[in-house]
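The structure appears below as structure tokens.
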Amino acid sequence: MLDIRRIREDPDPFRAALARRNLGDAVDRLLEADERRRSVTSRVEELRAAQNRASKAIGAAQGGEKQQLIDEVAKVSGELKELDPELAKAEEDLRSLLAEIPNVPHESAPDGFTDEDAVEVSRNHEEPPVLGFEPRDHAELGAMLGMLETERGARTSGSRFVYLRGDLVFVQFALMRHAMDVVVEKGFSPMIPPVLVREEAMYGTGFLPTDAVNIYVTRDDELYLAGTSEVPLAAFHLGEILDEDDLPIRYAGYSTCFRREAGSYGKDLGGMFRLHQFDKVEMFAFCTPETSWDEHERILAIEEEILGNLEIPYRVVNVAAGDLGGAAAKKYDIEGWLPAQQRYRELTSCSNTTDYQARRMQTRLRRAGGELEVLHTLNGTATAIGRTLIAIMENHQRPDGSVEIPAKLHPYLPERARVLAPRS
RNA sequence: GGAGACGUGGCUGAGUGGCCGAAAGCAGCCGCCUGCUAAGCGGUUAGGGGGGUAACACUCCCUCGGAGGUUCGAAUCCUCCCGUCUCCGCCA
Numbered sequence: 006m007l008d009i010r011r012i013r014e015d016p017d018p019f020r021a022a023l024a025r026r027n028l029g030d031a032v033d034r035l036l037e038a039d040e041r042r043r044s045v046t047s048r049v050e051e052l053r054a055a056q057n058r059a060s061k062a063i064g065a066a067q068g069g070e071k072q073q074l075i076d077e078v079a080k081v082s083g084e085l086k087e088l089d090p091e092l093a094k095a096e097e098d099l100r101s102l103l104a105e106i107p108n109v110p111h112e113s114a115p116d117g118f119t120d121e122d123a124v125e126v127s128r129n130h131e132e133p134p135v136l137g138f139e140p141r142d143h144a145e146l147g148a149m150l151g152m153l154e155t156e157r158g159a160r161t162s163g164s165r166f167v168y169l170r171g172d173l174v175f176v177q178f179a180l181m182r183h184a185m186d187v188v189v190e191k192g193f194s195p196m197i198p199p200v201l202v203r204e205e206a207m208y209g210t211g212f213l214p215t216d217a218v219n220i221y222v223t224r225d226d227e228l229y230l231a232g233t234s235e236v237p238l239a240a241f242h243l244g245e246i247l248d249e250d251d252l253p254i255r256y257a258g259y260s261t262c263f264r265r266e267a268g269s270y271g272k273d274l275g276g277m278f279r280l281h282q283f284d285k286v287e288m289f290a291f292c293t294p295e296t297s298w299d300e301h302e303r304i305l306a307i308e309e310e311i312l313g314n315l316e317i318p319y320r321v322v323n324v325a326a327g328d329l330g331g332a333a334a335k336k337y338d339i340e341g342w343l344p345a346q347q348r349y350r351e352l353t354s355c356s357n358t359t360d361y362q363a364r365r366m367q368t369r370l371r372r373a374g375g376e377l378e379v380l381h382t383l384n385g386t387a388t389a390i391g392r393t394l395i396a397i398m399e400n401h402q403r404p405d406g407s408v409e410i411p412a413k414l415h416p417y418l419p420e421r422a423r424v425l426a427p428r429s
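Sequential numbering of the first sequence, starting at 6, is according to my numbering.
See the structure below:
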């Protein structure tokens, strides 16, 4: 949620920033709703002040004088009752507008509206490596290994659901453990959060109301399945005031993630690139506004370290302003090279959501001097299953369909699983 | 699934119609005092939204889980909703 007072005081920067999201008129709609709300508010408040004064006098008055004062104030009360719906509507209009308008992109987010407009900022290799043989895609490798069951997944649950089997399960565990170890060493404290969450948590993170189509909802309990542990991690401090001295606060959440993937029909079918259910280790940070951009780079560096450890060729792109999720002011995607697709595909990402989520969550910070302020939040993927497994399988495959698991994962693996071998 | 209790400020907790945005304690902050530390003494500290200011000051409105209602007036009375906890049952 944006800060309506700052918009009122200095709307032009907001106008310009939101125009980059194709929402050039949003600021004026906001200002209009704000103006309406304030004018009704001041009328109502004048009447209420009169009513309060009268009530005080009545409390002190006696007998007939009392009755007379009561009769007089009735007129004011009547007027107030009439204005009430008007005020409620004005407030609701502003509130719902604010709820759906996304964060303002940071100046360093490039112009544009699609993933094509993202700007590469770095990579960990020169040219994509050439395997020297015709690479198989991960679905084929998974089938050859007998470790990825897509048809049976579909039979049980529908498309975009899979079974992982055999040693690939241990590779997932190894990956999770490795990612967790890396991020914990960087100061993130481990968490296993709830994945079914209340509406406030979804609203606070900005997934509701705008992204409702992508969220699973339980039928009888009005609980939502989190698409990322960002949701419960952010909500961990919902409504709280954190001491400046305690910041930054960093959590690493391990959870299963559920996404409806509405609107992605036909994209990335087969295999496990785009699943309705996958496991992920997610970083989440609460910090002061003045440190959040540094924190963002820090999180990016951790993500790069993890992919580097996995010996995956990747590049980092700065996502275009118009392609950002609603809460983000800036986002990096790290795209891993997938030999079978001959393309870079998103493996992880990290966003600075500045004060957008924190304001919705009412998570604030108390400065050493006692002042209250909305803080900043950030999130980033440490490792996401499905995609990271794909990158490992495709990049470390051998001509015979076996897969070498990167050395950094070996300490977490049964020895036989250091190489995944096809069934003969 | 059945029964009951409760929701008040940063925290604990009092408050059953006007003197209450709210006792007391804790915690925090500012002083004082005391070789240091600890203790002690005095003062002070809720949040949000308008107006106002260069910024303060000042001022008004709202907020005691939420939404309605009764009343001139509600933390307090009524209705509904939400949430939390406890006991019993069931259960990974």
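Note that CB positions come from ideal geometry on N, CA and C, so glycine has one too.
These figures come from a predicted structure and were not determined experimentally.
- Glu154 to Ser407, Cα distance in whole Å? Here residue 154 refers to the residue found at position 149 of the first sequence. Here residue 407 refers to the residue found at position 402 of the first sequence. Each residue's alpha carbon lies about 17 Å from the other.
- Query: Between the segment 190-205 and the segment 232-249, do at least 3 Cβ pairs fall closer than 8 Å?
  - Reply: yes
- Message: At the level of alpha carbons, what is the spacing between Gly271 and Gly163?
- Response: Taking the first residue of the first sequence as 1, we reach residue 271 at position 266. Taking the first residue of the first sequence as 1, we reach residue 163 at position 158. So the alpha carbons of these two residues sit roughly 14 Å apart.
- Query: Are the CB atoms of Ala104 and Pro16 nearer to each other than 9 Å?
  - Reply: By 1-based counting over the first sequence, the position of residue 104 is 99. By 1-based counting over the first sequence, the position of residue 16 is 11. No. Outside cutoff.
- Message: Just to confirm my understanding: we take Arg20, look at its own chain, exclude 5 residues before and 5 after, and list those with CB closer than 6 Å. What are they?
- Response: To locate residue 20, count along the first sequence from 1; it is residue 15. If we look at Arg20 and ignore the five residues flanking it on each side, its Cβ neighbours are Val32.
- In the DSSP assignment, what are the bridge partners of Lys285? Locating residue 285 in the first sequence gives position 280, counting from the first residue. According to DSSP, which records beta bridges pairwise, Lys285 is partnered with Ser260 and Ala389.
- Taking the Cβ atom as the reference point for each residue, do Leu370 and Leu247 lie within a distance shorter than 9 Å? Against the first sequence, residue 370 aligns to sequence position 365. Against the first sequence, residue 247 aligns to sequence position 242. Contact: yes.
- Message: If you reduce the DSSP assignment to three classes, tell me which class Asn57 lands in.
- Response: Position 52 of the first sequence holds residue 57. Correct three-state label for Asn57: helix.
- Message: Helix, strand or coil for Asn400? Go by DSSP, reduced to three states.
- Response: In the first sequence, counting from the first residue as 1, residue 400 sits at position 395. Of the three classes helix, strand and coil, the one that applies to Asn400 here is helix, per DSSP.
- Query: Out of Asp39, Ala38 and Pro18, which has the shortest C-alpha to C-alpha gap to Gly29?
  - Reply: On the first sequence, residue 29 is found 24 positions in, with the first residue counted as 1. When each option's Cα is compared against that of Gly29, the closest is Pro18.
- Sorted by chain position, which residues of the same chain lie with C-beta nearer than 6 Å to Gly331's C-beta, five sequence neighbours on each side aside? On the first sequence, residue 331 is found 326 positions in, with the first residue counted as 1. Same-chain partners within the cutoff: Pro107, Gly211 and Thr215.
- Between the segment 319-333 and the segment 244-264, do at least 3 Cβ pairs fall closer than 8 Å? no
- Task: Would you kindly work out how many angstroms separate the C-alpha atoms of Met288 and Glu87, rounded to a whole number?
- Result: As a first step, residue 288 is located in the first sequence; it is residue number 283 there, counting from the start. As a first step, residue 87 is located in the first sequence; it is residue number 82 there, counting from the start. Computed Cα separation, rounded: 50 Å.
- Please report the residue range of the alpha helix (DSSP H) in which Tyr361 lies. One-based indexing of the first sequence puts residue 361 at position 356. It spans Tyr361 to Met366 - the alpha helix (DSSP H) in which Tyr361 sits, taken as one unbroken run.
- Are the beta-carbon atoms belonging to Met366 and Tyr259 less than 9 Å from one another? As a working mapping, residue 366 is identified with position 361 in the first sequence. As a working mapping, residue 259 is identified with position 254 in the first sequence. Result no, Cβ atoms of Met366 and Tyr259 do not sit closer than 9 Å.
- Should Gln73 be labelled buried (16 or more other beta-carbon atoms within 10 Å of its own) or exposed? Within the first sequence, residue 73 is the residue found at index 68, counting from 1. Per the 10 Å Cβ criterion, exposed.
- Starting from Thr161, follow the alpha helix (DSSP H) in both directions and report where the run begins and ends. Working through the first sequence from its first residue, we reach residue 161 at position 156. Here the alpha helix (DSSP H) through Thr161 covers Thr155 to Ser162.
- Tell me the start and end of each unbroken alpha helix (DSSP H) in the segment 271-323 that is at least 4 residues and wholly inside, in chain order. 297-314
- Item | Ile220 versus Thr388: straight-line alpha-carbon distance, rounded | Mapped onto the first sequence, residue 220 falls at position 215. Mapped onto the first sequence, residue 388 falls at position 383. If you take the alpha carbons of Ile220 and Thr388, they lie about 21 Å apart.
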